[in-house]
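Data first, discussion second: the structure below is written as structure tokens.
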Amino acid sequence: MKIKDINKESGEFQQRALDTVCVNESHLNHPWWYNLKYVFVGILFGIVFVKAEIISWFRIQEMFRLESFHMYGIIGSAIAVGMLSIFLIKKFNVKTIYGEEVEFHPKTFNKGQIFGGLLFGLGWAMTGACPGPLFAQIGTGTTVIIVSLLSALAGTWVYGYFRDKLPH
Amino acid sequence: MNWINQPWPWYVAGPLLGLIVPALLLIGNKTFGISSSLRHVCAACFPANVKFFKYNWKKEIWNLFFVAGVSIGALLTISFIPNAGIVNIHPELASDLTKYGITDYSGLIPSQLFSWDALLTARGIIMIVIGGFLVGFGSRYAGGCTSGHAISGISNLQLPSLIATCCFMIGGFIMTNAILPFILKL
Chain A
4 MKIKDINKES GEFQQRALDT VCVNESHLNH PWWYNLKYVF VGILFGIVFV
54 KAEIISWFRI QEMFRLESFH MYGIIGSAIA VGMLSIFLIK KFNVKTIYGE
104 EVEFHPKTFN KGQIFGGLLF GLGWAMTGAC PGPLFAQIGT GTTVIIVSLL
154 SALAGTWVYG YFRDKLPH
Chain B
4 MNWINQPWPW YVAGPLLGLI VPALLLIGNK TFGISSSLRH VCAACFPANV
54 KFFKYNWKKE IWNLFFVAGV SIGALLTISF IPNAGIVNIH PELASDLTKY
104 GITDYSGLIP SQLFSWDALL TARGIIMIVI GGFLVGFGSR YAGGCTSGHA
154 ISGISNLQLP SLIATCCFMI GGFIMTNAIL PFILKL
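Quick mapping for you: the protein sequence lines, in order, are chains A and B.
When we follow my numbering, the leftmost residue of the first sequence carries the number 4, and every step to the right adds one.
When we follow my numbering, the leftmost residue of the second sequence carries the number 4, and every step to the right adds one.
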């Protein structure tokens, strides 16, 4: 907590906390190959994406046409398991494998969640993919999705460029 | 061992996805989120003096390893344990799509909409290019995507994430039911 409090004073933390969901960081310095464990988790994630047809454009259309429970079941049960896990981590003060305290960062409301959320939803139903499935679709060999991914990068960049002019 | 070649049901896939939240927290104090990876790539490759991209992206490099894993996992699945047979599609969706000439259900993604050939058609370019742009722009504007807001955020009882998720859904309903029919007609 102490190191975090100092960081919180700095502008960098403020900006990162507002803009990215990934503000948690370990205060330990590890060599780069420690990151390989995230590749492993990513691989499991990718396998589930394909096996459960989460990356299917058809499944996303069915969700938004209320023709299938599949995606609602997946997102709902994922949230339930995530919620229970976080509850247990907090309740029993479970530490990371390196013995650090697990950090949680509350999100602050801003209008971006509404405007951005609506725009994201439009794109989600068009591509049939949120960012995770884009990476998975490319992995399954639909190489044209690289164009979607580059467009998504362009979208991210354009947001960053006009950020101060957009309502938040 | 039949299950390995069948599509997995929601009650298997959903809890497995949910377990990624504690897995990332416990192996390195990381919050599950995908769309930030796009920002880190911008920050690493084209910061162009934009304040939003001037931060130490190297601290977040784990996220790029994670998304690389997602692609590798998908590649491994399609190579070794693909889902057998064609994608099972709701008959009403199939009959609506047939009207627009989308008749190939052999893959998870309709090749008549998403392929290099389709990229040269009006509807293809709209869905691939503009769709992708909205995903990137919208998720960053909202501060997260389905993983960061809907799964991580709501799991941690964050009201802003619930609001964002509702807006994701509203946007999706509008696109699929009100706008997409016009795009598919092109």
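Note that CB positions come from ideal geometry on N, CA and C, so glycine has one too.
So, residue i versus residue j, is the Cβ gap smaller than 8 Å?
i, j, result
"residue 55 of chain A", "residue 10 of chain B", "yes"
"residue 49 of chain A", "residue 74 of chain B", "yes"
"residue 136 of chain B", "residue 67 of chain A", "no"
"residue 59 of chain A", "residue 124 of chain A", "no"
"residue 60 of chain B", "residue 46 of chain B", "yes"
"residue 63 of chain A", "residue 74 of chain A", "yes"
"residue 56 of chain B", "residue 163 of chain A", "yes"
How about residue i: is its C-beta nearer than 8 Å to some C-beta of chain A?
i, result
"residue 89 of chain B", "no"
"residue 74 of chain B", "yes"
"residue 52 of chain B", "no"
"residue 104 of chain B", "no"
"residue 5 of chain B", "no"
"residue 16 of chain B", "yes"
Would you say residue i faces chain B, with C-beta separation under 8 Å as the test?
i, result
"residue 110 of chain A", "yes"
"residue 34 of chain A", "no"
"residue 52 of chain A", "yes"
"residue 158 of chain A", "yes"
"residue 25 of chain A", "Low local confidence applies: a pLDDT of 49 at residue 25 of chain A is under 50, so the model's placement there is unreliable, and no value is given."
"residue 95 of chain A", "no"
Over what stretch of residues does the alpha helix (DSSP H) that includes residue i continue unbroken?
i, result
"residue 65 of chain A", "60 to 67"
"residue 127 of chain A", "115 to 130"
"residue 92 of chain A", "73 to 94"
"residue 66 of chain B", "65 to 83"
"residue 125 of chain B", "125 to 128"
Quick one: what's got a C-beta closer than 8 Å to residue i's C-beta in the same chain, skipping five residues either side?
i, result
"residue 8 of chain B", "84, 85, 86, 87"
"residue 155 of chain B", "24, 34, 35, 36, 147, 164"
So with CB distances below 9 Å, who are the chain B contacts of residue i?
i, result
"residue 168 of chain A", "The contacting residues do not exist; residue 168 of chain A stays about 12 Å from chain B at best."
"residue 115 of chain A", "143, 144, 145, 146, 167"
"residue 142 of chain A", "73, 74, 75, 76, 77, 78, 79, 80, 81"
"residue 3 of chain A", "Residue 3 of chain A lies beyond the stretch modelled for chain A, which goes from 4 to 171, so this question has no answer here."
So with CB distances below 7 Å, who are the chain B contacts of residue i?
i, result
"residue 38 of chain A", "64, 65, 68"
"residue 118 of chain A", "144"
Go through its chain and collect everything with a Cβ distance to residue i's Cβ below 6 Å, but skip five positions before and after it.
i, result
"residue 139 of chain B", "41"
"residue 153 of chain B", "168"
Run down chain A in chain order and give the residues with a C-beta less than 7 Å from the C-beta of residue i.
i, result
"residue 134 of chain B", "126, 129, 130, 151"
"residue 179 of chain B", "64, 67, 68, 128"
"residue 123 of chain B", "Simply none; closest approach about 11 Å."
Given that residue i touches chain A, what residues does it touch there, using C-beta distances under 8 Å?
i, result
"residue 118 of chain B", "145, 147"
Give the interface partners of residue i over in chain B, defined as CB-CB distance under 8 Å, in chain order.
i, result
"residue 135 of chain A", "37, 70, 73, 148, 149, 150"
What residues from chain A crowd round residue i, counting only those whose CB sits closer than 9 Å?
i, result
"residue 189 of chain B", "Those within 9 Å of residue 189 of chain B in chain A number zero; the least Cβ separation is about 13 Å."
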